[in-house]
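Asks: One structure, pasted below without further comment.
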Amino acid sequence: MPETNILTTIGLEHYLVLSAVLFSMGMAGVLLRRNLIVLLMSIELMLNAVNISFVAFSKFNNNIEGQIMVFFVMTIAAAEAAVGLALAVSIFKRFKEVNIRFFEHLKG
Amino acid sequence: MTDAILFWFLALVTVCAGLSVILMSNPIYSALSLAMTMVGVSALFVTLGAYFIAGVQLIVYAGAVMVLFVMVLMLFDLKHEIQAFTRGKITGAIKIASVGILAGLVVGAITLGTKAIEAAKATEAVAGKTYDNNTMSLAQNLFLQNVFGFEALGVLLLVIAVGTVALSRSRGGTHARD
Amino acid sequence: MPLGGIIFITLFIGVFGVILIYLARWTGGRAKRTSAAKMEIYECGIPEQEKKDTKISVKFYLTAILFILFDIEIIFMYPWAVGFREFIHSGAGPFVFGSMIIFLAIFIFGLWWEIKSKALEWD
Amino acid sequence: MMNMGTTPFEITINVIKTILVFLMMVQLVPILVWVERRGSAFIQNRFGPNRIGPLGLLQLLADAVKFLTKEDFVPDKGNKYLFYAAPIFALIPASIAYMAIPMSTPLIVGDSKFLIQGFEVNVGIVFILGVSSLAAYTILMAGWGSGSKFALMGAMRAAAQIVSYELALGLSIVGVIMTYGTFNLSDMIAAQQGALTFTGFGSTFTAHFLPNWGIFYQPLGALIFFASAFAESNRLPFDLAEGEAELVAGFHTEYGGFKMLMFFIGEYGHMMIASGLFATFFLGGYNIPYTTVQGVHDWLMTTFGLSVDGANIANTVVHFLMYNVKFLILLWIFIHVRWTLPRFRYDQLMDLGWKTMLPWALANTILTSIVIFAASQFAF
């Protein structure tokens, strides 16, 4: 196998590592932030990271199905954002609160 | 060479924008940087040759989902944020450590996995599927092989549309009460 | 896709805009006298009201949510539309046409429901 | 640079070209403002600006000087960063989307081929829709950054309006895509050459008295596209974002001077995109009616005795002029409509978008698909 320069030859690994980095950022956001809407945004970030790896695999394995998966993930992400925000807004209307800690007190 | 420059540039943009999503204490800045991340990811899709998906990423994520986030944040004026980050030094350290471990695990798994893929490719020599007429082959795959998933997503979207309307109606009317 | 060109021109326009704004700042200068009233936001001359988040209808946000959902359904039609003739040529026409009719029926039912349930009324 | 050329010479030319297209757009804005003021005066039986220079043409320069001498102003309550960033971001989506629209036949000199557009995108429509949907951020940023409730309400209205009409716009394009079977704008223009001809129901129909334009295949789609394009660019009769009676000036209430001008460039940019796209989809793009690009090329060679390269250059110039004729007529229609029609109420606007245009666009899609399907299945 010929020696390749990691800086100038972009392969699958580059995209996968980038995807992993973005995914971990999203996860850190979910763990560290308190604002409900920022949590939802971090989840979107994680889904985007997954999409990158899907498309990268699709390209490097010559298989179009990865892109179909991205299509489906995008749809589900949008649906999730819609429902999540609808919930967040109705809770905000009721209690004027978006702190995730507050939700521990919700019962019944 | 130009591909490499583009990749590193876009990776830098996405990672910086992604970092500012989780580090900015004002949620509106977070949302705007997330939109920037989406645009960067779309450009990354272009470098991978997925043109249609890149366009869809722009339309759906950057043009619709993030607009909704920004609108909600501005509508309810969530600027008076209590405290951006969760408290507690020990729990914080544990969280950061777990994220670090996860990142390490993922990177390790990738390096191992791609070696396996390279080996498999060398032996198998992937059969010549054409990849050039991208949108067309995407359409064929979507409408001939994954048609059930496609219809199911249609139903899912319908259910969500009904559900959000019901949710936003819950507890008295469609107007915010002060 | 000429990604390099797009990125280049984006940066170019960004720099152009920043230069334009700085130029205007520089030529516009600063007024010698200023007052608190001048720096206030414009509310037709009457003293500024304190509360900023006055009633903004939730309708705006509901519209945005419904937009996302219908937008995705429309995006799903794009690959179908671009491949429709080729599907017909390759003999898969009736199948693809039928599946799209089912999808469109779901779309139409959703739209009809939204209209009927008065989710789209602005009063 | 991917696909911006292979040799350094081509790359340089292509980069300069993108900048030229951008500057052309920016230059067109003051001229359009002048046309708009003179045109509105003509429609309303007034004079309009006619003091400075011949026909008031130097008014543009006077305006620019006036804008430059305005004091730069940020309201205390506003968010300074967003307030400054919004006008800069207003320039970007409009100009980048416009650059993907082809304005003439490719210029072929020797071995080099130059496209008369900023850059070619092979999924042109999706790209343009995606990029121009980013314009909503500009409006929201401006509305929020001003810190004023009028600005915020105007921004919300504008954003909700833009997204609502994006649905009708996107759906009206589905019929167009189905008709041509491609996302590529150049391919669409190439499909609209010559006289009206189409194959279906087992035979070929030709109408020599009509050009082969998309508007004859998609009349309903064209109507819906045109109407939603007005709403997308926030022009009258859909300018509810700056309803002057109740919202002062909408999302740019607090802006003045050059920053205001940059919003204008963005707004006129959306008008230009709408006109360019309408010409491309429905009016044959840069094609001269009833002719083909190759036909014009041959005619130029035989009539004027030009060489192949000379005929190529002449061909590009002729088609560029043709494109601009269509483009400017459409822009004039935008201006004429603005000064002719009264505006809607906000609920009427939303009703029109969701309950009238969206169902009709859906009907157009279904009708088109049924016709295409039937034309392939049945024969007379």
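Residue numbers (our numbering), protein chains in the order written: chain A, 998 to 1105; chain B, 596 to 773; chain C, 776 to 898; chain D, 84 to 463. For every residue, glycine included, the Cβ atom is placed at its ideal position computed from N, Cα and C. These figures come from a predicted structure and were not determined experimentally.
Which two residues bound the contiguous alpha helix (DSSP H) that contains residue 138(D)?
Replies: One-based indexing of the fourth sequence puts residue 138(D) at position 55. It is not in any alpha helix (DSSP H) - residue 138(D) carries neither H nor E in the DSSP assignment.
Asks: Could you check the C-alpha separation between residue 210(D) and residue 650(B) for me, to the nearest Å?
Replies: Taking the fourth sequence and counting its residues from 1, one reaches residue 210(D) at position 127. Taking the second sequence and counting its residues from 1, one reaches residue 650(B) at position 55. Each residue's alpha carbon lies about 5 angstroms from the other.
Asks: Going along the region 154-165 of chain D in order, which residues come within less than 9 angstroms of chain C, judged by CB to CB distance?
Replies: Those residues of the region 154-165 of chain D that come within reach of chain C (Cβ to Cβ, closer than 9 angstroms) are 154, 155, 156, 157, 158, 159, 160, 161.
Asks: Under 7 angstroms between C-beta atoms, does residue 213(D) make it to chain B?
Replies: Numbered from 1 along the fourth sequence, position 130 holds the residue referred to as residue 213(D). Yes, residue 213(D) lies at the interface with chain B (some Cβ there is under 7 angstroms from its Cβ).
Asks: Going along the chain, which residues of its own chain have a beta-carbon closer than 7 angstroms to the beta-carbon of residue 399(D), five neighbours each way excluded?
Replies: Stepping through the fourth sequence from its first residue, residue 399(D) is reached at position 316. Correct list, in chain order: 187, 188, 190, 199.
Asks: Where does residue 159(D) land, buried or exposed, given buried means 16+ other C-beta within 10 angstroms?
Replies: Along the fourth sequence, one-based indexing puts residue 159(D) at 76. By the neighbour-count definition (other C-beta atoms within 10 Å, threshold 16), residue 159(D) is an exposed residue.
Asks: Which same chain residues, not among the five before or five after residue 632(B), have their C-beta less than 6 angstroms away from its C-beta?
Replies: In the second sequence, the residue the question calls residue 632(B) occupies position 37. Once the five neighbours on either side are set aside, the close Cβ partners of residue 632(B) are 609, 612, 613.
Asks: I'd like to know if the region 691-701 of chain B and the region 1021-1037 of chain A are in contact, where contact means that at least 3 CB-CB pairs between them fall below 8 angstroms.
Replies: yes
Asks: Leaving out the 5 sequence neighbours to the left and right, which residues in its chain are closer than 7 angstroms to residue 841(B) when beta-carbon positions are compared?
Replies: Outside the modelled stretch of chain B, which goes from 596 to 773, sits residue 841(B), for which no answer is possible.
Asks: Is the beta carbon of residue 178(D) closer than 7 angstroms to that of residue 352(D)?
Replies: The residue given as residue 352(D) occupies position 269 in the fourth sequence. The residue given as residue 178(D) occupies position 95 in the fourth sequence. Yes.
Asks: Is there contact here, the region 888-898 of chain C with the region 445-460 of chain D, by at least three beta-carbon pairs under 8 angstroms?
Replies: A contact is defined here as three or more CB-CB pairs under 8 angstroms, and the region 888-898 of chain C fails this definition with respect to the region 445-460 of chain D.
Asks: Expressed to the nearest angstrom, what Euclidean distance is found between the alpha-carbon atoms of residue 431(D) and residue 244(D)?
Replies: Reading the fourth sequence from its first residue, position 348 is the one you call residue 431(D). Reading the fourth sequence from its first residue, position 161 is the one you call residue 244(D). Within the model, the alpha-carbon separation for residue 431(D) versus residue 244(D) is close to 11 angstroms.
Asks: To which residues of the same chain is residue 1089(A) closer than 8 angstroms at the C-beta, ignoring the five residues directly before and after it?
Replies: Position 92 of the first sequence, counted from the start, is the residue given in the question as residue 1089(A). Taking C-beta separations shorter than 8 angstroms and ignoring five residues to either side along the sequence, the partners of residue 1089(A) in its chain run 1095, following chain order.
Asks: Please report how far the alpha carbon of residue 813(C) lies from the alpha carbon of residue 168(D), in whole angstroms.
Replies: If you number the third sequence from 1, residue 813(C) lands on position 38. If you number the fourth sequence from 1, residue 168(D) lands on position 85. Taking the straight line joining both Cα atoms gives about 22 angstroms.
Asks: Please specify which runs of the beta strand (DSSP E), each continuous and at least 3 residues long, are wholly inside the region 1021-1096 of chain A, giving them in chain order.
Replies: none
Asks: When burial is assigned at 16 or more other CB atoms within 10 Å of the CB, is residue 232(D) buried or exposed?
Replies: Counting from 1 along the fourth sequence, the entry for residue 232(D) is found at position 149. It is buried - the Cβ of residue 232(D) has at least 16 other Cβ atoms within 10 Å.
Asks: Return no unless some Cβ of chain C is closer than 7 angstroms to the Cβ of residue 1186(A).
Replies: Because chain A spans 998 through 1105 in this model, residue 1186(A) falls outside it and cannot be assessed.
Asks: Who are the neighbours of residue 170(D) on chain C, taking C-beta pairs under 8 angstroms?
Replies: The residue you call residue 170(D) lines up with position 87 of the fourth sequence. Under the 8 angstroms cutoff, chain C gives 792, 796.
Asks: In this structure, what does DSSP give as the bridge partners for residue 192(D)?
Replies: Reading the fourth sequence from its first residue, position 109 is the one you call residue 192(D). Answer is 195(D), bridged to residue 192(D).
Asks: Classify residue 293(D) as helix, strand or coil using the three-state DSSP reduction.
Replies: In the fourth sequence, residue 293(D) corresponds to position 210, counting from 1. Strand at residue 293(D).
Asks: Would you say residue 101(D) faces chain C, with C-beta separation under 7 angstroms as the test?
Replies: For the purposes of this step, residue 101(D) is taken as the residue at position 18 of the fourth sequence. At least one CB of chain C lies nearer than 7 angstroms to the CB of residue 101(D).
Asks: What residue range is occupied by the uninterrupted beta strand (DSSP E) comprising residue 281(D)?
Replies: Position 198 of the fourth sequence, counted from the start, is the residue given in the question as residue 281(D). That run of the beta strand (DSSP E) goes 278-283.
Asks: Reducing DSSP to helix, strand and coil, say where residue 427(D) ends up.
Replies: By 1-based counting over the fourth sequence, the position of residue 427(D) is 344. Under the three-state reduction of DSSP output, residue 427(D) falls in the coil class, being neither helix nor strand.
Asks: If you count every other CB in all the chains shown that lies within 10 Å of the CB of residue 733(B), and 16 or more means buried, which is it?
Replies: Working through the second sequence from its first residue, we reach residue 733(B) at position 138. The residue in question, residue 733(B), is buried, as its Cβ has 16 or more Cβ neighbours within 10 Å.
Asks: Does the distance from the CB of residue 839(C) to the CB of residue 663(B) come in under 7 angstroms?
Replies: Counting from 1 along the third sequence, the entry for residue 839(C) is found at position 64. Counting from 1 along the second sequence, the entry for residue 663(B) is found at position 68. A contact, by the Cβ cut-off of 7 angstroms.
Asks: Measuring CA to CA, which of 1037(A), 1071(A), 1011(A) is closest to residue 1084(A)?
Replies: Taking the first sequence and counting its residues from 1, one reaches residue 1084(A) at position 87. Of 1037(A), 1071(A), 1011(A), the residue nearest in Cα terms is 1037(A).
Asks: Quick one: using the 10 Å Cβ neighbour count with 16 as the cut-off for buried, is residue 725(B) buried or exposed?
Replies: By 1-based counting over the second sequence, the position of residue 725(B) is 130. Unreliable placement is indicated for residue 725(B), whose pLDDT of 44 sits below 50; no coordinate value is reported for it.
Asks: According to the Cβ coordinates, are residue 316(D) and residue 251(D) closer than 7 angstroms?
Replies: Taking the first residue of the fourth sequence as 1, we reach residue 316(D) at position 233. Taking the first residue of the fourth sequence as 1, we reach residue 251(D) at position 168. Not a contact, by the Cβ cut-off of 7 angstroms.
Asks: Alpha carbon to alpha carbon, how far is residue 354(D) from residue 1082(A)?
Replies: The residue you call residue 354(D) lines up with position 271 of the fourth sequence. The residue you call residue 1082(A) lines up with position 85 of the first sequence. Spanning the two alpha carbons is a distance of roughly 33 angstroms.
Asks: Are residue 384(D) and residue 170(D) close, meaning C-beta to C-beta below 7 angstroms?
Replies: On the fourth sequence, residue 384(D) is found 301 positions in, with the first residue counted as 1. On the fourth sequence, residue 170(D) is found 87 positions in, with the first residue counted as 1. The answer is no: Cβ separation not under 7 angstroms.
Asks: Under 7 angstroms between C-beta atoms, does residue 881(C) make it to chain A?
Replies: Reading the third sequence from its first residue, position 106 is the one you call residue 881(C). So, not an interface residue.
Asks: Which residues in chain D have a C-beta closer than 7 angstroms to the C-beta of residue 877(C)? List them in chain order.
Replies: Start at 1 with the first residue of the third sequence, and residue 877(C) comes out as number 102. The premise fails here: residue 877(C) is roughly 12 angstroms from chain D at the closest Cβ pair, so nothing lies under 7 angstroms.
Asks: Under the rule that 16 or more other beta-carbon atoms within 10 Å means buried, what is residue 646(B), buried or exposed?
Replies: Residue mapping note: residue 646(B) aligns to position 51 of the second sequence, counting from 1. The residue is buried, with at least 16 neighbouring Cβ atoms inside 10 Å.
Asks: Listed from N- to C-terminal order along the chain, which residues in the region 625-642 of chain B have their beta-carbon within a distance smaller than 7 angstroms of any beta-carbon of chain A?
Replies: 625, 626, 629, 632, 633, 636, 639, 640
Asks: When you compare only the Cα positions, how much space is there between residue 603(B) and residue 1051(A)?
Replies: Translated into positions along the second sequence, residue 603(B) becomes position 8. Translated into positions along the first sequence, residue 1051(A) becomes position 54. The straight-line gap from Cα to Cα measures roughly 19 angstroms.
Asks: If residue 221(D) and residue 349(D) are in contact, beta carbons under 8 angstroms, what's the gap, nearest whole angstrom?
Replies: The residue given as residue 221(D) occupies position 138 in the fourth sequence. The residue given as residue 349(D) occupies position 266 in the fourth sequence. Confirmed, about 7 angstroms.
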